[in-house]
Amino acid sequence: MATENYSVDEKDLSILRLLQKDAKLSIRDIAARINLSPTPTHERIKRMEKLGIIKEYTAIVDRKKVNKGMMVVCMIALNAHNKSIATKFIEEVSKLKEVVEFYNISGEFDFMLKILAPNMDEFHDFFVNQLSEIEGIGQTKSIFVMNSIKESSQIV
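Here it is as structure tokens:
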């Protein structure tokens, strides 16, 4: 089944909204909230999983409570723009556990990384000894997040 051939309807969106708020809801609870019986609700969820609309189920962790209180947005421009340098850079950055989000962007910089660390000393150590050692980096700009105003994983 190709995703292009499947159109998400209002019932699917309702299911997605509920799962984004609480992925531990039972099929029966979801079905009751969207006024559908459990079997078709379950079938819809399984279809969306198979199509990759639902990519995974996960827990959202309070980063401060697990000693990852420092958040840094790091912008990176490569020193050359060719496929091999970009591919190698992407492979290396993707391995770094401190990088929790990683985007290819347009504009003055090529990539944006969201990095979590316990504190400034640990971030500095990570930046100097791991990130900046990756070949191909031409310019970096680190932005230190002072406070999170809104964080959400809900997209529908």
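Each residue of the sequence shown is one higher than the one before, starting from 1 at the first, in full-length UniProt numbering. Don't be surprised by glycine CBs; every beta carbon is placed ideally from N, CA and C.
Exercise. Compare the Cα-Cα distances from I15 to each of I45, P38 and I76 and report the closest residue.
Key: I45
Practice problem: Give me the Cα-Cα distance between Q139 and N79, rounded to the nearest whole angstrom. | Solution: 7 angstroms
Quiz item: According to DSSP, which residues form a beta bridge with S142?
Solution: C74
Quiz item: L113 by DSSP, collapsed to three states: which one?
Solution: strand
Self-check item: Spatially closest choice to S152 from D29, K21 and S94, by CA coordinates
Solution: K21
Quiz item: In the structure shown, what three-state DSSP assignment does I30 receive?
Solution: helix
Quiz item: Helix, strand or coil: how does DSSP classify E101 here?
Solution: strand
Quiz item: For E45, does the three-state DSSP call read helix, strand or coil?
Solution: The sequence given here has Ile at residue 45, not Glu. In this structure, I45 counts as helix in the three-state DSSP scheme.
Quiz item: Would a C-beta distance cut-off of 8 angstroms place F102 and I134 closer than the cut-off?
Solution: no
Quiz prompt | 8 angstroms Cβ cutoff, I15 in contact with chain D | solution = In summary, chain D is missing from the structure at hand, where a single protein chain is found.
Self-check item: Nearest neighbour of V100, chosen from P38, C74 and I30 [CA to CA]
Solution: C74
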